[in-house]
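Novice: Let me begin by handing over the structure; questions about it come next.
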Amino acid sequence: MRLLNSPEYQWVEKFLPPRFKTVESTLLQDVGSYEFLNFAEELLDEFILRISSGADKQEKWKHTEKGFTIFLKIKRNIILFSGYDSQKNRSSAPKKFYIQWERQLTSSRDHGKCKQGLILINDRGRIIKRSVKRSPYFSGIFNRINQLDQALIGPKHVVHASKVDATLQEHIQLIDHLLTDPAIKGVIHSRTSRLVNLFKTMLPELDLLDIEERHTVKRMITTELPGLLEGYISLSENNKERRHGELFQALCKMELTLHHLLEKLEELRLSKVDHLLKVNKMRYDKN
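Numbering that gives the first Met the number 0 numbers the first residue of the sequence shown as 0 and each following residue consecutively.
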């Protein structure tokens, strides 16, 4: 994945046919897209839970809700997952995605892999076709398909891969390096250190958040925080003094946002445990 995200690969991608180019972020930043992809993730969570809890392993599912339709088809060596925006009066451009996942059939393989991942966007009659394999907006879907794949094999074959994105880890290391600069001192250093610790706490469970919230955290790590620190370091001593207070306020606002997201993560954990307890009670309460 590091090669695929490298500047060299991004340069090569410019010369690929449209359907092999990663979908532009601007095409997926509207509210309708967030709702669409979040709905797909929620259904995958439901499918994973049903299979993990020992429910009958259906081969096909179809679910329509909120103007979205999601399909899941499980074959011996392939998982097919697709969806489309079926509500015609939605303000965002109608979208349809299609993912073909090659299953992990033996425990010797770390995980399955995406063979094909496409999204079609109807932009006022013009069909835009793009790849979603490397889109950060689809990372939650791919992680869940992999979990579904492992659940189909059975618990004894589940491989617990790292849930922390390597690129995000590299950016956190960059922030740690910036903290060693003499210009980052006092309350700026302590507040930034607290942000880094919050990032490290959240990253293993980042997929539990919705798409927009994950995007917020990733933007902080990859762009906003390192950009603020690098910009501050480059200032003259006089301008550092002038901007010290504003930088501190910006860091405080970022920390407040992360605390809100941590509270939501705790609520999601609690909800998951409550659901499992409810399933357990239904299954074993014979009275």
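Don't be surprised by glycine CBs; every beta carbon is placed ideally from N, CA and C. All of these numbers come straight from a predicted model, not from anything done at the bench.
1) Going by other Cβ atoms of all chains shown within 10 Å of its Cβ, with 16 needed for buried, is residue 270 buried or exposed?
2) Check whether the Cβ atoms of residue 102 and residue 175 lie closer than 8 Å to each other.
3) Using a Cβ-Cβ cut-off of 8 Å (strictly less than) and excluding sequence neighbours within five positions of residue 193, which residues of its own chain qualify?
4) With distances taken between CB atoms, is the gap from residue 201 to residue 264 smaller than 8 Å?
5) In the DSSP assignment, what are the bridge partners of residue 95?
6) Cα separation between residue 208 and residue 76?
7) Got a sec? Which residues, its chain only, sit under 7 Å from residue 128 by beta carbon, not counting five neighbours each side?
8) Hey, out of 61, 94, 15 and 62, whose CA is closest to residue 31's CA?
9) How long is the line joining the alpha carbons of residue 277 and residue 41, rounded to whole angstroms?
10) If you reduce the DSSP assignment to three classes, tell me which class residue 192 lands in.
11) Closest to residue 186 by CA distance: which of 244, 33 and 20 is it?
12) Exposed or buried, which one is residue 15 when buried takes at least 16 other CB atoms within 10 Å?
13) Buried or exposed: which applies to residue 145, given that a residue is buried once 16 or more other Cβ atoms fall within 10 Å of its Cβ?
14) What residues in its chain sit with their C-beta under 7 Å from that of residue 43, if we drop five residues either side in the sequence?
15) Any idea which residues DSSP pairs residue 187 with across the strands?
Specialist: In brief:
1) That one is exposed.
2) The answer is no: Cβ separation not under 8 Å.
3) Cβ neighbours of residue 193 within its own chain (closer than 8 Å, five residues either side excluded): 254.
4) It is a contact, given that the beta carbons lie within the stated cut-off.
5) Per DSSP, the beta-bridge partners of residue 95 are 83 and 119.
6) Their Cα atoms are separated by approximately 30 Å.
7) 17, 18, 117 and 119, listed in sequence order.
8) Comparing Cα-Cα distances from residue 31 to each of 61, 94, 15 and 62, the minimum goes to 94.
9) Roughly 18 Å between the two C-alpha positions.
10) It is helical.
11) Looking at the Cα atoms, 244 is the closest of the given residues.
12) For residue 15, the number of other beta carbons within 10 angstroms of its own is below 16, and it is reported as exposed.
13) Residue 145 is buried by the Cβ-count criterion.
14) Only 140, 143, 144 and 147 meet the Cβ criterion.
15) In the DSSP output, where bridge partners are listed per residue, residue 187 has none listed.
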